[in-house]
Amino acid sequence: MLNRNEVMELIARIEAASNWDDIETAEYERLCESLGLDYHDYDDPDRLFEDIKEAAEKLS
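Under the working numbering, residue 471 is the last one in the sequence shown; the count climbs by one each step, no gaps.
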């Protein structure tokens, strides 16, 4: 599981990436697991990232 700082750093890397594929699938999976999301429930990367950002905002 990632801590809050690691979550925010990975989100920043995703935002800075040119393509979704610039980030390894394992990193998305680990991020989702840390946020209580299931990476494999998503087929739309934009929706996935919106849910990631929403879940990250709820971290204390």
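Think of the CB as a built atom: it goes at the ideal place given N, C-alpha and C, for glycine as much as any other residue. None of the values given here were measured: they were computed from a predicted structure.
Grouping DSSP H, G and I as helix and E and B as strand, with all else coil, what is residue i?
{"i": "Tyr439", "result": "helix"}
{"i": "Asn416", "result": "helix"}
{"i": "Lys469", "result": "coil"}
{"i": "Ile434", "result": "coil"}
{"i": "Leu459", "result": "helix"}
{"i": "Tyr450", "result": "helix"}
Please classify residue i as buried or exposed, where buried requires at least 16 neighbouring CB atoms within 10 angstroms.
{"i": "Ser471", "result": "exposed"}
Below 8 Å on the Cβ atoms is my guess for residue i versus residue j; work out the distance and round it to an integer in Å.
{"i": "Leu448", "j": "Ala423", "result": "Actually they do not touch by this definition, with Cβ atoms about 18 Å apart."}
Between the alpha carbons of residue i and residue j, how many angstroms are there, rounded?
{"i": "His451", "j": "Cys443", "result": "9 Å"}
{"i": "Met412", "j": "Ser445", "result": "5 Å"}
{"i": "Trp431", "j": "Asn414", "result": "22 Å"}
{"i": "Ala437", "j": "Asp455", "result": "17 Å"}
Going by the C-beta, is residue i closer than 8 Å to any heavy atom of the ligand PLP?
{"i": "Ala427", "result": "Because no ligand of any kind appears in the structure shown, any question about the ligand PLP cannot be addressed here."}
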